[in-house]
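First up is the structure itself, then whatever we jot down about it.
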Amino acid sequence: MPSDLIFYTNPMSRGQIARWMLEEVGAAYDTVILAYGDDGMKAADYRAINPMGKVPAIVHNGRTVTECAAICAYLADAFPDANLAPPPADRHSYYRWLFFAAGPVEAAVTNKAMGFVVPEGRERAAGYGSFEDTIAALETAVAGDAWICGDQFTAADVYVGSQIDWGLSFKTIPSSPALEAYATRLRERSAYKRQKDIDGALIAQMQKQG
1 MPSDLIFYTN PMSRGQIARW MLEEVGAAYD TVILAYGDDG MKAADYRAIN
51 PMGKVPAIVH NGRTVTECAA ICAYLADAFP DANLAPPPAD RHSYYRWLFF
101 AAGPVEAAVT NKAMGFVVPE GRERAAGYGS FEDTIAALET AVAGDAWICG
151 DQFTAADVYV GSQIDWGLSF KTIPSSPALE AYATRLRERS AYKRQKDIDG
201 ALIAQMQKQG
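In structure tokens form, the structure reads like this:
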């Protein structure tokens with residue numbers, strides 16, 4: 001019997017972020033693996049789900065959600081028993097850093113990795129200012145021994161943590177004691193390890209077949 005939660009992904013994509021969140025939530029879900037290209041993500045039936053033709057996406061009880069940060073926030077609200085979102089009155093840090101990572105961090109890291117340089121004097125027009133300022137601000141979100149929202153691990157840690165984990169692994173974010181310590185704590189989580197095991201096995205299978 002099909003699940004009421006369907007996850008569209010490719011293991012070699014940002015779909016790893018959404019799968020980690022799904023594993024944190026602990027709800028049953030069906031997975032649809034999509035290839036890159038016209039017969040997968042760019043096919044008309046999938047573009048009806050996500051017009052961008054990219055993964056990840058989820059469909060929960062007929063409702064479609066795309067974009068990793070939105071998926072993380074949605075799942076936290078859809079499955080409150082997982083306790084992955086603070087009470088509404090205490091969501092200031094939760095929203096602040098979730099959207100900071102989806103906006104300035106994503107833009108700054110991508111631009112730098114692709115060699116785009118903001119012209120001198122045009123930093124305000126870029127939104128994130130400078131790469132260095134963005135990373136310095138990011139460090140303040142994860143400094144110390146707790147999580148973004150204090151003692152409570154939340155969906156913000158999944159999304160922000162994924163940006164940091166990937167950035168450190170692929171050297172698109174410079175290493176620092178605060179970022180390394182935070183990433184170490186993330187990698188100890190059971191749901192993180194399950195996601196890596198699942199997607200790692202799928203990647204190995206795809207490489208063997210192709």
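Under UniProt numbering, the first residue of the sequence shown is numbered 1, with each subsequent residue one higher. Note that beta-carbon positions come from the ideal geometry of N, C-alpha and C, so glycine has one too.
For H92, no pairing in a beta bridge is given by DSSP. Within a 10 Å sphere around the beta-carbon of F170 sit fewer than 16 other beta-carbons, which makes this residue exposed. Segment contact: the segment 12-24 against the segment 68-78, three or more CB-CB distances shorter than 8 Å; contact assigned. A check of alpha carbon separations from E132 across S175, D157, A156, Q152 identifies S175 as the nearest. DSSP places I6 inside the beta strand (DSSP E), whose first and last residues are 5-9. DSSP links W147 through a beta bridge to G150. Check the Cα spacing between V32 and each of V25, I49, G26, E24: the tightest is with I49. Beta-bridge partners of R63 (DSSP): H60. In this structure, the CA atom of P86 is about 13 Å from the CA atom of F79. Here the alpha carbons of F99 and V59 stand approximately 22 Å from one another. Judged by beta-carbon spacing, A27 lies beyond the 8 Å limit of P56, meaning their Cβ atoms are not closer than that value. In this structure, Q163 lies away from W20, with their beta-carbon atoms at least 8 Å apart. Bridge partners of D30 according to DSSP: I6. In the three-state reduction of the DSSP assignment, R14 falls in the coil class. Here L138 carries a helix assignment [DSSP, helix/strand/coil]. When the alpha-carbon of Y159 is set against those of P177, G103, S130, V117, the nearest one is in G103.
Take the alpha-carbon of E188 and the one of T64: they are about 31 Å apart. For C72, the closest C-alpha among the options F153, T172, K193 is that of F153.
Close CB contacts of I148 within its chain, under the 8 Å cut and outside five residues either way in sequence, are with S93, Y94, W97, A141, V142, T154, A156, D157, V160 (chain order). Contact between L168 and A183 holds, with the beta-carbon distance rounding to 6 Å and staying under 8 Å. Short of 6 Å from the beta carbon of A181, and not among the five residues preceding or following it, lies no beta carbon of its own chain.
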